[in-house]
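Residue numbers (the UniProt record's numbering): 1 to 510. Just so it is clear, CB atoms sit at the ideal spot from N, CA and C, and this is done for glycine as well.
Now the structure itself:
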């Protein structure tokens with residue numbers, strides 16, 4: 001009898017556990033049903049109502065292009081959620097930047113700012129202002145990347161970025177903007193992929209037509225290459241140009257930008273080189289391009305034995321996303337099918353190596369209590385066969401400076417100077433600076449108050465701008481340039497150019 005009760009008790013316990021399991025399953029089922037219903041309700045009803053805050057963070061409201069005078073060349077409104085006069089708001093703020101928001105000093109408008117609840121991002125190219133707007137918070141880096149790609153595509157299709165080219169081809173530019181951006185969202189920003197959808201013909205504009213403000217100083221500020229380093233008019237071709245009119249050729253630029261800082265004794269404090277290998281292809285067909293660099297090229301540091309016998313040592317490199325770099329380690333070879341238009345095959349960086357091409361020695365002598373003389377002596381440490389062009393030396397003067405004049409050294413040719421009273425600086429221009437030579441000048445300036453040690457510290461730092469054609473600080477060069485195509489008669493023209501530019505070349509004076 002006790003055994004029967006035990007067995008009966010066990011069966012009742014198991015039955016009780018089964019009921020609890022069923023109840024738990026039902027509760028979980030209803031909870032899942034409620035969660036799914038809430039999610040469905042949010043997706044169908046709430047998101048359309050609050051989409052402007054949740055989903056529009058990636059949207060661009062407007063894109064427009066302004067001339068140096070503020071004239072509206074192109075204006076594309078994608079979402080109609082920003083004021084129609086944003087171009088006037090932008091140009092007024094850009095032209096008369098007061099520095100009130102604390103982003104940049106007075107007169108130096110930053111690339112990103114907000115005005116009247118509209119976010120602005122702009123890029124300046126050849127005095128043209130390319131601007132995009134958004135009424136919501138967007139990623140600045142993403143916005144800038146989109147804007148730069150749009151500029152690249154427009155340049156590929158027009159052949160040259162200038163006010164005249166955009167005015168003559170405004171229908172083509174609008175067609176490109178329609179295909180690249182849809183309802184404020186980027187769709188296709190690749191030059192080749194856009195080509196089947198573009199039907200307007202390009203009206204060619206010569207790249208030699210000078211843009212507004214084509215003075216010597218204006219070209220330097222824009223960073224444009226001077227005539228002796230500018231590529232021929234062939235590089236200003238549009239990719240839409242008929243194949244019968246196009247030459248079968250490719251242009252390659254090895255471009256190096258120098259960032260160097262010297263102390264008051266003339267010793268190098270910081271030095272780095274930012275290099276790029278740029279392609280501009282006008283090739284027919286789709287051949288494979290093989291580029292071979294120096295055989296003794298070393299990438300990265302850590303092996304003193306390799307660095308000792310290497311002529312070129314680079315700290316870091318990165319390649320085009322379509323480049324085949326499988327042969328780079330063994331043969332220093334890159335392979336790619338060049339896309340139409342401009343592209344960057346490789347970027348590289350060099351830190352603390354290479355010889356600075358120019359040196360400056362400076363000294364100051366007190367003439368009277370209110371007058372002083374600053375002597376500058378420049379030396380070109382580059383081969384005699386090369387020369388620097390577009391040379392300018394910018395010397396800031398003390399705030400109490402009232403007048404300044406420059407006396408050049410003996411035998412000086414192609415040299416001028418300019419004193420900017422508002423900016424309190426003297427600019428010394430040298431048209432051509434031969435390698436292995438020296439240039440000298442004396443800057444005499446007057447002040448409204450007696451010259452003190454603080455006045456001396458107000459002179460400088462001195463910055464230098466220049467271009468050196470057919471010269472490379474890193475020593476990187478293209479050893480072999482080969483194009484492969486099925487036809488044995490395929491022999492396009494190849495153009496290679498080296499250019500070294502001063503990006504930030506500064507001499508401290510104290």
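Legend entry - Buried or exposed (CB count within 10 angstroms, at least 16 for buried), residue 256: Along the chain shown, one-based indexing puts residue 256 at 256. Residue 256 is buried by the Cβ-count criterion.
Legend entry - Separation of residue 75 from residue 96, as counted between CA atoms: As a working mapping, residue 96 is identified with position 96 in the chain shown. As a working mapping, residue 75 is identified with position 75 in the chain shown. Distance between residue 96 and residue 75, taken at the CA atoms: about 22 Å.
Legend entry - Three-way DSSP call (helix, strand, coil) for residue 191 in this model: Reading the chain shown from its first residue, position 191 is the one you call residue 191. Helix at residue 191.
Legend entry - Span of the alpha helix (DSSP H), counted from its first residue to its last, around residue 87: Position 87 of the chain shown, counted from the first residue, corresponds to residue 87. First-last of the alpha helix (DSSP H) with residue 87: 86-95.
Inset, instruction - Give the DSSP-derived three-state secondary structure of residue 453 in the structure shown. - result: Start at 1 with the first residue of the chain shown, and residue 453 comes out as number 453. If DSSP states are grouped into helix, strand and coil, residue 453 belongs with the helices.
Legend entry - Reference residue 157; option with closest CA among 463, 322, 193, 367: Position 157 of the chain shown holds residue 157. It is 193 whose Cα lies nearest to the Cα of residue 157.
Legend entry - Nearest-angstrom Cα separation, counted from residue 313 out to residue 94: Taking the first residue of the chain shown as position 1, residue 94 is located at position 94. Taking the first residue of the chain shown as position 1, residue 313 is located at position 313. Taking the straight line joining both Cα atoms gives about 42 Å.
Legend entry - Reference residue 373; option with closest CA among 388, 108, 426, 484: Stepping through the chain shown from its first residue, residue 373 is reached at position 373. Residue 426 is the option with its Cα nearest to residue 373.
Legend entry - Check: residue 149 C-beta below 7 Å from any heavy atom of the ligand SAH: By its list of ligands, the structure shown contains no ligand whatsoever, and the ligand SAH lies outside what it can speak to.
Legend entry - Spatial distance of residue 64 from residue 321 (CA atoms): In the chain shown, residue 64 corresponds to position 64, counting from 1. In the chain shown, residue 321 corresponds to position 321, counting from 1. Taking the straight line joining both Cα atoms gives about 30 Å.
Legend entry - Selected residue, minimal CA-CA separation from residue 339, among 168, 170, 191: Position 339 of the chain shown, counting from 1, holds the residue named residue 339. Looking at the Cα atoms, 191 is the closest of the given residues.
Inset, instruction - Could you name the residues of the same chain whose beta carbon sits closer than 7 Å to that of residue 336, not counting the 5 residues immediately before and after it, in chain order? - result: Along the chain shown, read from residue 1 onward, the residue named residue 336 stands at position 336. These residues qualify, in order along the chain: 289, 320, 322, 323, 324, 345.
Legend entry - Buried versus exposed, by CB contacts within 10 Å (16 or more), residue 116: Locating residue 116 in the chain shown gives position 116, where the first residue counts as 1. Looking at its Cβ environment, which holds fewer than 16 other Cβ atoms inside 10 Å, residue 116 is exposed.
Inset, instruction - May I ask you to verify whether the segment 401-409 touches the segment 478-486, counting CB pairs closer than 8 Å and requiring at least 3? - result: no
Inset, instruction - For residue 256, write down the residues that DSSP places opposite it in a beta bridge. - result: The sequence position of residue 256 within the chain shown is 256, counting from 1. In the DSSP output, where bridge partners are listed per residue, residue 256 has 275, 500.
Inset, instruction - Kindly confirm or deny that the segment 76-84 and the segment 144-164 touch, where touching means at least three C-beta pairs closer than 8 Å. - result: The answer is no - the segment 144-164 does not touch the segment 76-84, with fewer than three Cβ pairs under 8 Å.
Inset, instruction - Tell me, please, which residues DSSP counts as bridged to residue 447. - result: Counting from one through the chain shown, the residue named residue 447 turns up at place 447. In the DSSP output, where bridge partners are listed per residue, residue 447 has 401.
Legend entry - Cβ distance (whole Å) where residue 333 is taken to contact residue 291 below 8 Å: Translated into positions along the chain shown, residue 333 becomes position 333. Translated into positions along the chain shown, residue 291 becomes position 291. Sure, about 7 Å apart at Cβ, within 8 Å.
Inset, instruction - Let me know the secondary structure DSSP gives residue 22 once reduced to three states. - result: Within the chain shown, numbered from 1, the residue matching residue 22 stands at position 22. In the structure shown, residue 22 sits in a helix (DSSP, three-state: H, G or I).
Legend entry - Residue closest to residue 173, alpha-carbon to alpha-carbon, out of 343, 130, 465: Position 173 of the chain shown, counted from the first residue, corresponds to residue 173. Nearest C-alpha to residue 173 among 343, 130, 465: 130.
Inset, instruction - With a threshold of 16 other CB atoms inside 10 Å of the CB of residue 137, please say whether the residue is buried or exposed. - result: Within the chain shown, residue 137 is the residue found at index 137, counting from 1. So residue 137 counts as exposed.
Inset, instruction - Starting from residue 140, follow the alpha helix (DSSP H) in both directions and report where the run begins and ends. - result: Along the chain shown, one-based indexing puts residue 140 at 140. Its alpha helix (DSSP H) spans residues 140-158.
Inset, instruction - Using alpha carbons as the reference points, say which of 259, 343, 295, 286 lies closest to residue 278. - result: If you number the chain shown from 1, residue 278 lands on position 278. Nearest option by C-alpha distance: 343.
Inset, instruction - Could you check how far apart the C-beta atoms of residue 258 and residue 503 are, in whole angstroms? I think they sit under 8 Å. - result: As a working mapping, residue 258 is identified with position 258 in the chain shown. As a working mapping, residue 503 is identified with position 503 in the chain shown. Indeed they touch by this definition, with Cβ atoms about 6 Å apart.
Legend entry - Cα-Cα separation, residue 474 to residue 354: Position 474 of the chain shown, counting from 1, holds the residue named residue 474. Position 354 of the chain shown, counting from 1, holds the residue named residue 354. C-alpha of residue 474 to C-alpha of residue 354: approximately 6 Å in a straight line.
Legend entry - Residue closest to residue 70, alpha-carbon to alpha-carbon, out of 92, 365, 249: Residue numbering aside, residue 70 sits at position 70 when the chain shown is read from its first letter. Selected option, being the one with the closest Cα: 92.
Inset, instruction - Please work out which residues of its chain come closer than 8 Å, Cβ to Cβ, to residue 376, disregarding the five sequence neighbours upstream and downstream, and give them in chain order. - result: Indexing the chain shown from 1 puts residue 376 at position 376. Contacts found: 360, 361, 362, 393, 395, 428, 440, 441, 442, 443, 462.
Inset, instruction - Note down, in chain order, each residue of its chain lying with its Cβ closer than 6 Å to the Cβ of residue 455, except the 5 sequence neighbours on either side. - result: Within the chain shown, numbered from 1, the residue matching residue 455 stands at position 455. Contacts found: 398.
Inset, instruction - Label residue 505 either buried or exposed according to how many other C-beta atoms from any shown protein chain fall within 10 Å of its C-beta, with 16 as the threshold for buried. - result: On the chain shown, position 505 is the one that residue 505 refers to. So residue 505 ends up on the buried side.
Legend entry - Rounded C-alpha distance that separates residue 186 from residue 162: On the chain shown, residue 186 is found 186 positions in, with the first residue counted as 1. On the chain shown, residue 162 is found 162 positions in, with the first residue counted as 1. Spanning the two alpha carbons is a distance of roughly 24 Å.
Inset, instruction - Compare the beta carbon distance of residue 435 and residue 351 with 8 Å and say whether it is the shorter of the two. - result: The residue labelled residue 435 in the question sits at position 435 within the chain shown. The residue labelled residue 351 in the question sits at position 351 within the chain shown. Result no, Cβ atoms of residue 435 and residue 351 do not sit closer than 8 Å.
Inset, instruction - Output the distance between the C-alpha atoms of residue 299 and residue 275, rounded to the nearest integer angstrom. - result: Sequence index remark: in the chain shown, residue 299 carries index 299 (1-based). Sequence index remark: in the chain shown, residue 275 carries index 275 (1-based). If you take the alpha carbons of residue 299 and residue 275, they lie about 14 Å apart.
Legend entry - Pairwise C-alpha distance: residue 114 and residue 448: Here the question's residue 448 lines up with position 448 in the chain shown. Here the question's residue 114 lines up with position 114 in the chain shown. Cα-Cα distance, rounded: 40 Å.
Inset, instruction - Assuming residue 508 contacts residue 264 (C-beta within less than 8 Å), just tell me the rounded distance between them. - result: The count along the chain shown starts at 1 and reaches residue 508 at position 508. The count along the chain shown starts at 1 and reaches residue 264 at position 264. Correct: roughly 5 Å between the Cβ atoms.
Inset, instruction - Compute the distance between the beta-carbons of residue 468 and residue 386, then report whether it is under 8 Å. - result: Numbered from 1 along the chain shown, position 468 holds the residue referred to as residue 468. Numbered from 1 along the chain shown, position 386 holds the residue referred to as residue 386. Yes. Within cutoff.
Inset, instruction - Using DSSP bridges, identify the partner residues of residue 365. - result: Your numbering for residue 365 matches position 365 in the chain shown. Paired residue(s): 373.
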